[in-house]
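Asks:
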Amino acid sequence: MIQRDVLTFGETMLRLSPPGRLRLDQAAALDVWVAGSESNLAAALCGLGLSATWVSRLPDNPVGRRIEAVLRARGVDVSHVVWAPADERAGLYFFEAAAPPRPATVVYDRAGSAASRLSPAALPDALFDMHRHLHVSGITPALSASCAEAVTDAVRRAKARGRTVSLDINYRAKLWPPEAAAAALSPLLAQADVVFCGREDAARLFGLSGDNEARARGLRSRFDIPVVALTAGADGAVGCDAGGCRAMPAVPVAEPSERLGSGDAFAAGFLAEYLPGAPLERALRLGVAAAALKRTVPGDMLVATRAEVGAIAAQEGESAWR
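Quick note on numbering: my numbering labels position 192 of the sequence shown as 178, and the sequence is numbered without any gaps.
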């Protein structure tokens, strides 16, 4: 029996960042944030009024328990987390914020983490029975062979039960080359009901060119995907479904605080409208509003209510229908 909205799983790490615009080699202290694409989405969905369950493998030590506690506080169901021995580790990443012309810096320390040993066994059949939608990202298959198997198996089991599936490409060049990512993700694209893809990822992984609409149409056509949402930063987003494509401008952000997690916030906003059956335009509108609001919030997670995001979405102008 379906009891909850969204099931997702993957690695969540601790992010360590120097305060403000300090460089890593200057910092005397580091701010600590909980960060992971799938858990970011789950937390945002809960803020937007949906129910979400996040599954992972965490070390049974203070670091793992901190990750669990933060997500539980955001309303995420973490009761199905697999607890690994205390001597295993959670992944870390160091993020140095910057402003042009200096690029931001990311340093991963995640190899061999507890989550990289995630396998299909972490996701019992009952989870697929009780959730109506599965969300996966292209990060998890890059972590290990067992993680890749877990994603493939989860999509298979969700589709076998008639559940809808969304996939966020979320390409990470530090984890694998584009050719390997495209080969691993292509079979998943062909099974997904909704695909989220960045403009540059569409070109880098799948060789798609042209404007945002052309890339979204190309991805949808190549893999016969019911709905594609292509994100383009300051240029907003384009969504394509059987009825055509719609462009949604970005919401201006006067003083951005954090860009990290804005793609996850967009996906959460989109799904918060799409899953209950709203039309493409409304899903895009809430998505770009959620992404904009995330950029005003420190850390990787959107911390906002449905009313706050909805108010921003309501203020924006009409999209362009093509």
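Beta carbons are placed, not taken as given, at the ideal position from N, Cα and C, and that holds for glycine.
As the structure is a prediction and not an experimental result, all values here were calculated from the model.
Sort out for me which residues DSSP pairs Thr217 with in a bridge.
Replies: As a first step, residue 217 is located in the sequence shown; it is residue number 231 there, counting from the start. Paired residue(s): Gly184, Ala223.
Asks: Hey, Ser37 and Arg7 are a contact pair by Cβ (cut 8 Å); roughly how many whole angstroms apart?
Replies: Taking the sequence shown and counting its residues from 1, the one referred to as residue 37 is at position 51. Taking the sequence shown and counting its residues from 1, the one referred to as residue 7 is at position 21. Their Cβ separation, rounded to whole angstroms, is 38 Å, which puts Ser37 and Arg7 out of contact at 8 Å.
Asks: For Thr291, is the classification buried or exposed, using 16 other Cβ atoms within 10 angstroms of its Cβ as the cut-off for buried?
Replies: Counted from its first residue, the sequence shown places residue 291 at position 305. Classification for Thr291: exposed.
Asks: Let me confirm a value: Glu24 is counted as buried when at least 16 other C-beta atoms fall within 10 Å, else exposed. Which label applies?
Replies: Numbered from 1 along the sequence shown, position 38 holds the residue referred to as residue 24. By the 10 Å Cβ count, Glu24 comes out buried.
Asks: When burial is assigned at 16 or more other CB atoms within 10 Å of the CB, is Val92 buried or exposed?
Replies: One-based indexing of the sequence shown puts residue 92 at position 106. By the neighbour-count definition (other C-beta atoms within 10 Å, threshold 16), Val92 is an exposed residue.
Asks: Flag this pair as yes or no: are the beta carbons of Ala136 and Leu104 separated by less than 7 Å?
Replies: Position 150 of the sequence shown, counting from 1, holds the residue named residue 136. Position 118 of the sequence shown, counting from 1, holds the residue named residue 104. Against a cut-off of 7 Å, the Cβ pair of Leu104 and Ala136 comes out as a contact.
Asks: Please name the residue or residues paired with Leu153 in a DSSP beta bridge.
Replies: Against the sequence shown, residue 153 aligns to sequence position 167. DSSP, once it has assigned bridges, lists Val122, Val181 as partnering Leu153.
Asks: So, at 7 Å on beta carbons, what are the nonlocal neighbours of Arg281 in its own chain, with the 5 sequence-adjacent residues on each side left out?
Replies: The residue labelled residue 281 in the question sits at position 295 within the sequence shown. Exclusion of the five residues before and after Arg281 leaves Val239, Pro242, Ser243, Glu244, Arg245, Ser248 as the residues of its chain whose Cβ lies within less than 7 Å of its Cβ.
Asks: Using the C-alpha atoms, what's the distance from Gly229 back to Leu44?
Replies: For the purposes of this step, residue 44 is taken as residue 58 along the sequence shown, with counting starting at 1. For the purposes of this step, residue 229 is taken as residue 243 along the sequence shown, with counting starting at 1. Distance between the alpha carbons of Leu44 and Gly229 is about 43 Å.
Asks: If we call anything under 7 Å between Cβ atoms a contact, is Gly222 one with Met234?
Replies: By one-based count along the sequence shown, residue 222 stands at place 236. By one-based count along the sequence shown, residue 234 stands at place 248. Cβ atoms of Gly222 and Met234: closer than 7 Å.
Asks: So, helix, strand or coil for Met234, using DSSP?
Replies: Residue mapping note: residue 234 aligns to position 248 of the sequence shown, counting from 1. Met234: strand per DSSP, three-state reduction.
Asks: Give a yes or no on whether the C-beta atoms belonging to Val49 and Leu57 are separated by under 7 Å.
Replies: Counting from one through the sequence shown, the residue named residue 49 turns up at place 63. Counting from one through the sequence shown, the residue named residue 57 turns up at place 71. It is not a contact, given that the beta carbons lie outside the stated cut-off.
Asks: Going by DSSP, what residues sit across from Tyr79 in a beta bridge?
Replies: In the sequence shown, residue 79 corresponds to position 93, counting from 1. Arg1, Tyr94.
Asks: So is Gly124 buried or exposed if we call it buried at 16+ other beta carbons inside 10 Å?
Replies: Taking the sequence shown and counting its residues from 1, the one referred to as residue 124 is at position 138. Result: buried.
Asks: Among Gln177, Thr217, Arg190, Phe192, which has the Cα closest to the Cα of Ile211?
Replies: Within the sequence shown, the letter at position 225 stands for residue 211. Checking every option, the nearest Cα to that of Ile211 belongs to Gln177.
Asks: State the start and end residues of the unbroken alpha helix (DSSP H) segment that holds Val64.
Replies: Here residue 64 corresponds to residue number 78 of the sequence shown, with the count starting at 1. Counting along the chain, Val64 falls outside any alpha helix (DSSP H), and DSSP gives it neither H nor E.
Asks: Pull the bridge partners of Arg43 from the DSSP assignment, please.
Replies: What you label residue 43 is simply residue 57 of the sequence shown in a count that begins at 1. BP columns for Arg43 point to Val68.
Asks: Which one or two residues does DSSP pair with Thr(-6) in a beta bridge?
Replies: As a first step, residue -6 must be located in the sequence shown, where it is residue number 8. For Thr(-6), which the question treats as bridged, DSSP gives the partners Trp40, His121.
Asks: From Gly303 to Val237, what does the alpha carbon distance come to, in whole angstroms?
Replies: Reading the sequence shown from its first residue, position 317 is the one you call residue 303. Reading the sequence shown from its first residue, position 251 is the one you call residue 237. With a pLDDT of only 46 at Gly303, under 50, the local geometry of the prediction cannot be trusted, and the value read off the model is given with reservation. When rounded, the distance between both Cα atoms is 10 Å.
Asks: Which same chain residues end up closer than 7 Å to Ala293 when comparing Cβ atoms and leaving out the 5 residues on each side of it in sequence?
Replies: In the sequence shown, residue 293 corresponds to position 307, counting from 1. So the list is empty, once near-sequence residues are dropped.
Asks: Following the continuous beta strand (DSSP E) through Ala21, name the residue where it begins and the one where it ends.
Replies: In the sequence shown, residue 21 corresponds to position 35, counting from 1. Start and end: 17 to 21.
Asks: Mapping DSSP to helix, strand and coil, what is Thr138?
Replies: One-based indexing of the sequence shown puts residue 138 at position 152. Thr138: helix per DSSP, three-state reduction.
Asks: Are the CB atoms of Arg208 and Val214 within a distance shorter than 7 Å?
Replies: As a first step, residue 214 is located in the sequence shown; it is residue number 228 there, counting from the start. As a first step, residue 208 is located in the sequence shown; it is residue number 222 there, counting from the start. No, the pair does not count as a contact, with Cβ atoms beyond the cut-off.
Asks: Just to confirm the assignment, what range does the alpha helix (DSSP H) spanning Asp250 have?
Replies: Looking up residue 250 in the sequence shown gives position 264. Per DSSP, Asp250 belongs to the alpha helix (DSSP H) from 248 to 260.
Asks: Taking Trp262 as the reference, which of Ala146, Asp250, Thr150 has the closest Cα?
Replies: Taking the first residue of the sequence shown as position 1, residue 262 is located at position 276. The amino acid occupying residue 262 in the given sequence is Pro; Trp does not appear at that position. Of the candidates Ala146, Asp250, Thr150, the one whose C-alpha sits nearest the C-alpha of Pro262 is Thr150.
Asks: Hey, would you say Ala108 sits closer than 7 Å to Val68, going by beta carbons?
Replies: Counting from 1 along the sequence shown, the entry for residue 108 is found at position 122. Counting from 1 along the sequence shown, the entry for residue 68 is found at position 82. Closer than 7 Å, so yes.
Asks: What residue range is occupied by the uninterrupted alpha helix (DSSP H) comprising Ala228?
Replies: Here residue 228 refers to the residue found at position 242 of the sequence shown. Premise fails: Ala228 is in no alpha helix (DSSP H) and is neither H nor E.
Asks: For Leu288 and Gly33, which I take to be in contact (beta-carbon distance under 8 Å), what is that distance rounded to the nearest angstrom?
Replies: Position 302 of the sequence shown, counting from 1, holds the residue named residue 288. Position 47 of the sequence shown, counting from 1, holds the residue named residue 33. The C-beta separation of Leu288 from Gly33 comes to about 6 Å, placing the pair in contact by the 8 Å criterion.
Asks: Within 8 Å, do at least three Cβ pairs link the region 126 to 135 to the region -2 to 5?
Replies: no
Asks: When burial is assigned at 16 or more other CB atoms within 10 Å of the CB, is Ala297 buried or exposed?
Replies: As a first step, residue 297 must be located in the sequence shown, where it is residue number 311. With fewer than 16 other Cβ atoms within 10 Å, it is exposed.
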